[in-house]
Every structure is written in C-alpha cells, then in structure tokens.
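Some notes on the structure that comes next.
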Amino acid sequence: MSVARVTEIIASSKESFEDATRKGVKRASQTLKNVKGAWVEGQKVSCDGQGHITEFRVILKVTFILED
C-alpha cells in the first residue's frame, strides 16, 4: 500500500504560467522524492505601473509518495 502526501508551493516565471509550472515541478523534484504529479490551484500575475505583466505565478499542489 502506498501513502501519498500533498504539499503546496508557489513558482514564478517571467515567460508564462506554463513555464512557472514546469519550473515549480522541477524544483520540487530536487527536494521531494517520488513526485508523482501536481495541479495548479491558482494563477496570479505581477504588473508594473503601466499595466505590463512582469511575472507569472502559479500555486501548485505537488503529490509525492512517502517512503517506508
């Protein structure tokens, strides 16, 4: 029987939401063992004073399997 855990992380990118998601999962995999998936719980952007998007942010729920 496997037991999974879910942890929340926030990742950002200057490129896109997709890039932020990829970076977040990649970084989580460096610390967490057995990462099996993730879902995007939310998306946000940061803007400068003129309405230009400067950063894309995603709130990720990352699922990983606990070791025995």
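For the sequence shown, the working numbering assigns the number 1 to the initial residue and increments by one for each residue that follows. The C-beta atom is built at its ideal place from N, Cα and C for all residues, glycine as well. Only a predicted model underlies this, so the values are computations on that prediction, with no experimental measurement involved.
Distance from the CA of SER12 to the CA of GLU67, rounded to the nearest whole angstrom, comes to 29 Å. Looking at the DSSP output, VAL6 shares a beta bridge with THR63. As computed with DSSP, PHE56 is found in a beta bridge with SER13 and VAL45.
The alpha-carbon of PHE17 is positioned some 21 Å away from that of GLN50. For the pair SER29 and ASP48, the Cα-to-Cα distance works out to about 31 Å.
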